[in-house]
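Numbering (this note's numbering), first residue to last: 7 to 179.
What follows is a set of notes on a single structure, which appears directly below.
Spelled out as structure tokens, the structure:
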């Protein structure tokens, strides 16, 4: 399946309406919200990676990880790109963890962390830390979370980064 709707073919109006739906999500009953996102996605071709992604997000955000995961996979297979692709990996991994499949979550997020860098790096680290806890790798999880936190501290960045590293590498002294 190939996405016949490139990001450039999606109108600014459509993006605005999707963003508006997400911004007002709490004003909808869950079923109504899923329906609203489904209506918007239906404006795109049936195999649109973006449409599949938005549907997956709606199911996921309303507590239906089991329905979201297959749609996330379809969106990736359809050629989803950019930040939505990375968000798919993060969100699908979180859903897999919620479904008791933390090992899959660790594998996906580890590969994603190693694949590149952007403004979602800390989200990847945070969700990977959660999955690592679920597979019994607590020290690595804390180290990852502290390593992600360190650059945001007003002070103690270097110390926090070193302590995070030492949690998994051990103290060489």
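Ideal Cβ positions, reconstructed from N, Cα and C, are used throughout, including at glycine.
These numbers were taken from a predicted model, which means no experiment stands behind them.
Cβ pair residue 111, residue 74 closer than 8 Å: no
Please report the residue range of the alpha helix (DSSP H) in which residue 51 lies. Per DSSP, residue 51 belongs to no alpha helix (DSSP H) and is neither H nor E.
Start and end residues, alpha helix (DSSP H) containing residue 111: 108-121
Quick one: using the 10 Å Cβ neighbour count with 16 as the cut-off for buried, is residue 22 buried or exposed? exposed
Can you list, in chain order, the residues of its chain whose CB lies under 8 Å from that of residue 36, leaving out five sequence neighbours each side? Within the same chain, residue 36 has close Cβ partners 68 and 69.
Leaving out five residues on either side along the sequence, give the residues of the same chain with a beta carbon under 6 Å from the beta carbon of residue 126. 92
Does DSSP put residue 191 in a helix, in a strand, or in coil? Examination of residue 191 is not possible in this model, given that the chain is present from 7 through 179 alone.
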